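Before any comments, here is the structure.
Residue numbers (my numbering), protein chains in the order written: chain A, 543 to 755; chain B, 646 to 1166.
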């Protein structure tokens, strides 16, 4: 967690009056707002590490909101994106959601709807950050295990007893028990259930988030 | 526009050629048929005449046989032979120019001036006659003009010299004036020789100018002793072709084609006009659609700003303590944005006025425009059982106004179709529409009144609104577009107050279009 502590809402719309009015409105619930008149400047300059959300107008001169959305997704930006439009068609809505938008609202937008949505988005963002962080930490710890420890981990997550593990690996149950204790300590888990939940994916290279070797 | 006209007239030219070809073909067919009828008539007439001629000549020939038979019968009573009787034959039968009598005792005896020909005097002829027991031909070289017939009984015989030309019964002859002036050639033929009784075509000066159809007839006389062939020949007379009938056919066919062409032209004109109208409406709708889309976007921005600003102000005022300063700013912003929205609408109004291409601004003769639309709608009015009339008040007035002729026609077209549909929907019969032209305060007025159900009082205000319609079909744009068209030309389209129709018994709806009169400079 870097930069600032309170969530930041990015607002991109080509109309100045709309920017000002919406920024004022969003500010009334204590959210910080940064306004952008041009999508290119936004893409270049916004802080990707900060917690927050993005409010994006669909119809802008030059570059369309949908293509900005697609660019954001391609760049792996994880802030939720709320699309805002003056003329919503089903087709537009479909494209927006397919391209990864988190919400789709029509202008003129009701204040309660907008503010509730933004607060929801921020909460969602925080949670997803935490989850990502947790899995990053888990991967780091997993990487520091010795090969033998990884083998034991694999068999533990399959539900074998110490005796069975010993038999499978040609180790004495006591050695297995030692490995087990070390694992719990290194991976910083308190129970078998937690171990399995956090590390089962990483066993045997099943990690979906790991880059291809 | 000029290129379009040229192409149109080229196509029309082609069309005219086809119509003329059709007329020519029809006339040719008719003339050919008439010609063949006439030819058949002439042929029948010829054959009838030929048969009559044959019959007449046969009758005469048979007379000769009868005379000979009588003579030979009486000759058997040689004792009662009355010499004088057979000498008098010539006066009864002019063609008998000589008579000769044969007896075994005296041989052949005849008048001094008409001795029997040596050929006829041969005994073998008598034998033949005896054998056949009938008269026989003796010495017939027809080109001389006469021949002998004789009949024999045992011991006696009689011979007659016949002058063939005198044989012809001109009194009963089918051709007048002894065949002089007739085209028909009549001849007797026998064994290579021919005697012409009536020269026909060969006689000058009636030589036909062109080779023509010839008629022929040939039959032998019905007399056994004189089996000459009666040969009748003639030719068709082209001068007898029924010119008058042919002209009548050509005229009737031409009239029929002209009628068909006019009907087709009217239908084509109507279809073209309707296509133009439809295109115009579609073009306007497209413009409207685009205007609407742009409008939606342009109004959305200020509206969003107004809503957000006022809602923010509301929240700020709910704060504890209320942030009045910021709230005030927000409300001011809201007001500015509302004004911005108003400007967008103002611009829209002027741009709609200009969006009408309004190609031609000129002088429009209201009577001509109304007449043209009536002509185009004739079939539809008829189908709906609606009778439409165009009147002027006073009858001499002919309002000429400034405006676009096409737009005026479209307005009149729209008013008439609305009226027709109202009449049809309400079932009023017979439907009546009156188009009245008049002038009033520098304006030319065209008023369309119908005897339909009229406009309900609560709908009167709304009928000119776009997208308002009382019909199941239709967009409801007709009247609003017409109103803007009229306004665009500096005029007005109005619904007359109810109960104030100037056409006495018509109590339906009445719309009046007013346009500025043309002022001659």
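Even glycine gets a Cβ: it sits at the ideal position worked out from N, Cα and C. Small disclaimer: the values here were computed from a predicted structure and weren't measured.
- At the C-beta level, residue 664 of chain B and residue 906 of chain B come within 8 Å of one another.
- Residue B/807 holds the alpha-carbon nearest to the alpha-carbon of residue 781 of chain B among B/842, B/807, B/1134.
- Within chain A, the residues 559 have their CB atoms less than 7 Å from the CB of residue 947 of chain B, given in chain order.
- For residue 874 of chain B, the pairing in a beta bridge is given by DSSP as B/834, B/865.
- In the structure shown, residue 682 of chain B falls within a helical segment according to DSSP collapsed to helix, strand and coil.
- Distance between residue 1086 of chain B and residue 1095 of chain B, taken at the CA atoms: about 25 Å.
- The CB of residue 982 of chain B comes closer than 8 Å to the CB of 559, 563 in chain A, given here in chain order.
- In the three-state reduction of the DSSP assignment, residue 822 of chain B falls in the helix class, which pools H, G and I.
- In the structure shown, residue 672 of chain A falls within a helical segment according to DSSP collapsed to helix, strand and coil.
- Taking 8 Å as the CB threshold, residue 650 of chain A lines the interface with chain B.
- Here residue 697 of chain B carries a helix assignment [DSSP, helix/strand/coil].
- In the three-state reduction of the DSSP assignment, residue 649 of chain A falls in the coil class, being assigned neither a helical nor a strand state.
- Nearest in C-alpha terms to residue 635 of chain A, of all of A/642, A/646, A/652, is A/646.
- Inside the segment 1100 to 1162 of chain B, DSSP marks whole beta strand (DSSP E) runs of 3 or more residues at positions 1137 to 1140, 1155 to 1161, from first to last along the chain.
- Partner residues in a beta bridge of residue 617 of chain A, as assigned by DSSP, do not exist.
- Around residue 603 of chain A, the same chain offers 556 as residues with beta carbons nearer than 8 Å, after the five sequence neighbours per side are excluded.
- For the alpha helix (DSSP H) assignment, the uninterrupted runs of no fewer than 4 residues enclosed by the segment 776 to 831 of chain B are, from N- to C-terminal side, 809 to 812.
- A Cβ-Cβ contact shorter than 8 Å links residue 1153 of chain B with residue 1099 of chain B.
- In this chain, residue 739 of chain A is not harboured by any beta strand (DSSP E); it is covered by the alpha helix (DSSP H) spanning 734 to 741.
- Straight-line measurement puts the Cα of residue 649 of chain A at about 11 Å from the Cα of residue 951 of chain B.
- Residue 809 of chain B places its beta carbon 8 Å or farther from that of residue 824 of chain B.
- With contacts defined as CB atoms closer than 8 Å, residue 568 of chain A and residue 551 of chain A qualify as a contacting pair.
- The straight-line gap separating the alpha-carbon atoms of residue 707 of chain A and residue 734 of chain A is approximately 15 Å.
- By the rule that beta-carbons nearer than 8 Å mark a contact, residue 613 of chain A does not touch chain B.
- Listed in chain order, the non-local C-beta contacts of residue 573 of chain A below 7 Å within the same chain comprise 549, 551, 660, local neighbours out to five positions each way being set aside.
- Along the segment 557 to 643 of chain A, the beta strand (DSSP E) occurs as fully enclosed runs of 3 or more residues at 574 to 578, 594 to 599, 623 to 627, listed in sequence order.
- Residue 702 of chain A carries a coil assignment under DSSP once its states are collapsed to helix, strand and coil.
- Within the same chain, no residue comes within 6 Å of residue 606 of chain A by CB-CB distance, once the 5 residues on both sides are set aside.
- Between residue 575 of chain A and residue 631 of chain A, the alpha-carbon positions lie close to 28 Å from each other.
- Residue 830 of chain B is classed as buried because its beta carbon has at least 16 other beta carbons within 10 Å across all chains shown.
- Among the residues of chain A, those whose CB is under 7 Å from the CB of residue 941 of chain B are 628, 629, following chain order.
- Counting along the chain, the unbroken alpha helix (DSSP H) around residue 1071 of chain B starts and ends at 1050 to 1071.
- Within chain A, not a single residue places a beta-carbon under 8 Å from that of residue 992 of chain B; the smallest gap is close to 17 Å.
- With respect to residue 819 of chain B, residue 698 of chain B sits close: the two C-beta atoms are nearer than 8 Å.
- When Cβ-Cβ separations below 8 Å define contact, residue 661 of chain B makes no contact with chain A.
- Out of B/797, B/1052, B/833, the CA that lies nearest to the CA of residue 921 of chain B is found in B/1052.
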